[in-house]
Amino acid sequence: MSAFTIAVRNGIARLELDLPGESVNKITRDVRDELEECLDQFATDNGIRAVVLVSGKPDTFIVGADIEAFVALQTREEAYDLVRQGQALVNRIERLGKPIVAAIHGAAVGGGLEAALACSYRIATNHPKTRIGLPEIHLGIIPAMGGCQRLPRLIGVRAALDIILAGKQLPAMRAYRAGIVDELVHPAILERVAFEAAERLAGGWKPKRRKRDAASLALDKNPLGRRVVYTTAKKQLLKKTGGHYPAPEAALQTVQHGMRHGLQAGLDMEAAFFAELAIHEVSRNLVQIFLATTELKKDPGVEGAAPEPRPVANLGVIGAGFMGSGIGAVAVAQAGVDVRFRDTDLASVGKGLKNAWGILKGRLKRHRITRHEYRKLERMLSGGTDWAGFGRADLVIEAVFEDLDVKRQVIEAVEGQVRDDCVIASNTSTIPIARIAEVTQRPDRVLGMHFFSPVEKMPLLEVIVTDRTAAWVTVSAVAFGRAMGKTVIVVQDRPGFWVNRILGPYLIEAGRLLQEGVTVETLDKAMTKFGFPVGPITLLDEIGLDVARKASTVLHQAFGDRMKPTEGLVDMTRDRRLGRKSGRGFYRYEGGKRREVDETVYEIIGAEASSRVPRDDVHQRLVYSMLNEAARALDEGVVRSARDGDIGAILSIGFPPFRGGPLRYLDDIGAEKAVETLEELAEKYGDRFTPCPRLKSMAAGNVHFYPPT
Ligand code: NAD
């Protein structure tokens, strides 16, 4: 079956791409071959004066190259051939000799945008589904079908680097403002406008491109300006990547080279870099993460035949505080449900509503929603101190204080107000769900939905199930979390769930090291060098020292000495020293900005005057405390698979993505080597480093968490 259909009207060919058997359009080998044939026909058919390229898929234009073909690449040569073929096709579009108009509705990203950039004119719909960008960097590669060449030529180097180096996907309005698309229209008139443009272009019309980022283009014109752009970009990207990710540097170099030596030289460099990066370990790990996240989007969250998730149209949120208001805002904005808050007093309700509106306003400002949509969403949020609206709720999420008794009272009261088939979820970060559910009549309807803060930014949701949670309840919570735009992992109701379980020993170890005289800066640097976005001490300040203290108490009670926090760490919360939120933690904060380390913390911690711990051991103790716990928790069945564990760690605490997650990293190290290192650490520093049984048996049998790729 063909992916393309051609219909000619008044000399204008309507070329529709609708890849059979797929929900999205991508540039597969077959698509490439067929498009070549179509272009041949357009070139030779004198009856055709111009072409309009449209998508037959409801909400995507073209999402890029074919990831499966990309994953199958084994050698540099194969990668090189593949990219050269892609470049040839895009060049062909550019040199057709007849105008081609790209009529874009839905995602035009990666190779999809690169193809559109070679067209004569681009029209996009002003619709939330329309996204335009070059996300290749996130897969550890660079845009190599001319994206590093045509985008800077179109919108200026600075503006293009901003997109390429961060792998951005812009909403249609921003793409229009940047000058990537020439016109923005309502979806209903997309094709009509595209045909009119094609007609004009065929008649010799030369569209005047408004140079939208004038500053960016002006900088390109003078050599000094250009140099400033490149050196600033390089500095910024090294700060961000810590030198761990080769692709952004390669992209920068390619843009620079192409702008200096011409399009062809730029394309040559694109191909050379692409071939190298495509088979690089970093790209392999990033692609695995992408594939795992994609798989998770389809995973119902239970094994075997899954029941249908029940739809949620009305959401109740108890506790309109920091988390509750965030959950409410994201639920209306992403999942389009009505949200009713309940809190103890009207002032708290008002504060929660204001906070939620603030989050919606942020979306409006970033052009993710229109003013009209904002007004609609704003009205979908309401709140009070009573139970109005809860009788209609399909799901209630509680986000009240982290206190078992308070949560139990709340859950019990909720149960008295809602329908029998309403799902009740707790956003607790530490309290076992089964303990909360003990007070309910219907524990099968209760589970945990652990969002991370801030809710509107953090992509992960842990759905926590007890032995009694019904399968339909699990799949419904998973589906709703996904509708909220989250990547969802289902975890067992064990202390700390997954994320806090593996984070606990790592942060506790950081506390021990502090006590042994290692400085705050040394600890933080060791882990940012490893690839974490922030070090453990900064992370403690961000989480809040009171919150961390509560979590570590839970873990200590559950797992004993292995997770015993140092006294000093516990003492830190005296005098309202709570971390960033109180302006004072391990660091000082001023006007929301982190300042220097507060030297008085060493006294509170009872730190030794100087450290005798070798630098390598600092690194190993931190990393291996997390790795060992991850293996142990997986063995206990806390997460359903290594995949879920890795994605959970990356999307919550920023475990370095290029390492693929803690379990994949263990696979890379090899169980035998990991056991050896842990045994050395145990000998030197104590039993808490004793390798967990799973790792030992894996070492003995040379087994991996993942099958070999
Ligand atoms: P918060 O103090 O900002 O909000 C709690 C809200 O609950 C307040 O508005 C309070 O008035 C309200 N409340 C208290 N008792 C109530 C009751 N009986 N009925 C109705 N409302 C009541 O706290 P938060 O940071 O939003 O945390 C809420 C929950 O989310 C906690 O369980 C916490 O562990 C969890 N959590 C927090 C974070 C975080 O980073 N803050 C992250 C994940 C999970």
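Under this note's numbering, the first residue of the sequence shown is numbered 9, with each subsequent residue one higher.
Every residue, glycine too, gets a C-beta built ideally from N, C-alpha and C.
Between residue i and residue j, which are expected to be in contact by the criterion C-beta below 8 angstroms, what is the C-beta distance as a whole number of angstroms?
i, j, result
"residue 455", "residue 472", "6 angstroms"
"residue 529", "residue 505", "Between residue 505 and residue 529 the Cβ distance is about 31 angstroms, and since that is not below 8 angstroms, they are no contact."
"residue 140", "residue 132", "7 angstroms"
"residue 20", "residue 207", "6 angstroms"
"residue 415", "residue 408", "6 angstroms"
"residue 615", "residue 531", "That belief does not hold up - the Cβ atoms of residue 615 and residue 531 are roughly 12 angstroms apart, past 8 angstroms."
"residue 711", "residue 699", "Not really, about 14 angstroms apart at Cβ, beyond 8 angstroms."
"residue 142", "residue 256", "In fact, because the Cβ distance is near 12 angstroms, the residues do not count as touching under 8 angstroms."
"residue 179", "residue 375", "5 angstroms"
Can you list, in chain order, the residues of its chain with a C-beta nearer than 8 angstroms to that of residue i? Leave out the 5 residues immediately preceding and following it.
i, result
"residue 654", "297, 300, 663, 668, 669, 670, 671 and 672"
"residue 46", "12, 14 and 23"
"residue 638", "510, 653, 657, 670, 671 and 674"
"residue 507", "458, 460, 468, 470, 656, 657, 660 and 661"
"residue 536", "250, 542 and 543"
"residue 81", "87, 90, 286 and 287"
Out of curiosity, what's the CA-to-CA distance linking residue i and residue j?
i, j, result
"residue 73", "residue 91", "10 angstroms"
"residue 449", "residue 516", "38 angstroms"
"residue 534", "residue 134", "45 angstroms"
"residue 462", "residue 69", "32 angstroms"
"residue 75", "residue 83", "16 angstroms"
"residue 254", "residue 367", "34 angstroms"
"residue 482", "residue 433", "10 angstroms"
"residue 279", "residue 88", "6 angstroms"
"residue 99", "residue 49", "16 angstroms"
"residue 691", "residue 619", "19 angstroms"
"residue 445", "residue 326", "16 angstroms"
"residue 103", "residue 126", "9 angstroms"
"residue 545", "residue 594", "7 angstroms"
"residue 370", "residue 351", "24 angstroms"
"residue 154", "residue 95", "7 angstroms"
"residue 145", "residue 121", "14 angstroms"
"residue 62", "residue 214", "22 angstroms"
"residue 364", "residue 466", "16 angstroms"
"residue 284", "residue 167", "26 angstroms"
"residue 624", "residue 33", "48 angstroms"
"residue 518", "residue 395", "45 angstroms"
"residue 586", "residue 547", "12 angstroms"
"residue 605", "residue 592", "10 angstroms"
"residue 715", "residue 568", "34 angstroms"
"residue 304", "residue 212", "50 angstroms"
Counting only the same chain and skipping the five closest in sequence on each side, list residues whose C-beta sits under 6 angstroms from that of residue i.
i, result
"residue 277", "262 and 265"
"residue 97", "40"
"residue 541", "662"
"residue 680", "707"
"residue 697", "686, 689 and 690"
"residue 398", "324, 425 and 426"
"residue 486", "309, 471 and 496"
"residue 235", "none"
"residue 182", "375"
"residue 643", "702"
CB-CB under 7 angstroms to residue i, same chain, minus the five flanking residues each way: which ones, in chain order?
i, result
"residue 539", "250, 252, 664, 666 and 667"
"residue 342", "491, 492 and 493"
"residue 441", "434, 454, 455, 456, 472, 474 and 501"
"residue 79", "295"
"residue 16", "55 and 56"
"residue 105", "51"
"residue 512", "504, 559, 560, 563 and 571"
"residue 630", "514, 517, 518, 534, 535 and 544"
"residue 191", "131 and 201"
"residue 248", "none"
Taking only runs of the beta strand (DSSP E) that begin and end inside the segment 14-65, which ones reach a length of at least 3 residues, in chain order?
20-25 and 58-63
Unbroken stretches of the beta strand (DSSP E), 3 residues or longer, contained in the segment 319-355:
322-326 and 346-350
Within the segment 487-517, ranges of the beta strand (DSSP E) (whole runs, at least 3 residues)
495-500
Entirely within the segment 105-170 and at least 4 residues each: give me those alpha helix (DSSP H) ranges in chain order.
119-125 and 155-163
Would you mind listing the alpha helix (DSSP H) stretches within the segment 179-242 that are 4+ residues and don't spill past its ends, in chain order?
180-186, 198-210 and 222-229
Whole runs of the alpha helix (DSSP H) within the segment 564-648, excluding any shorter than 4 residues
575-579, 609-613 and 623-643
Quick one: which unbroken alpha helix (DSSP H) runs of 4-plus residues sit fully inside the segment 232-299? Chain order, please.
254-269 and 271-286
Ignoring anything shorter than 4 residues, give me the alpha helix (DSSP H) runs that lie fully in the segment 404-443, in order along the chain.
412-425
Go through the segment 61-95 residue by residue and report every complete run of the beta strand (DSSP E) that reaches 3 residues or more, in order.
68-70
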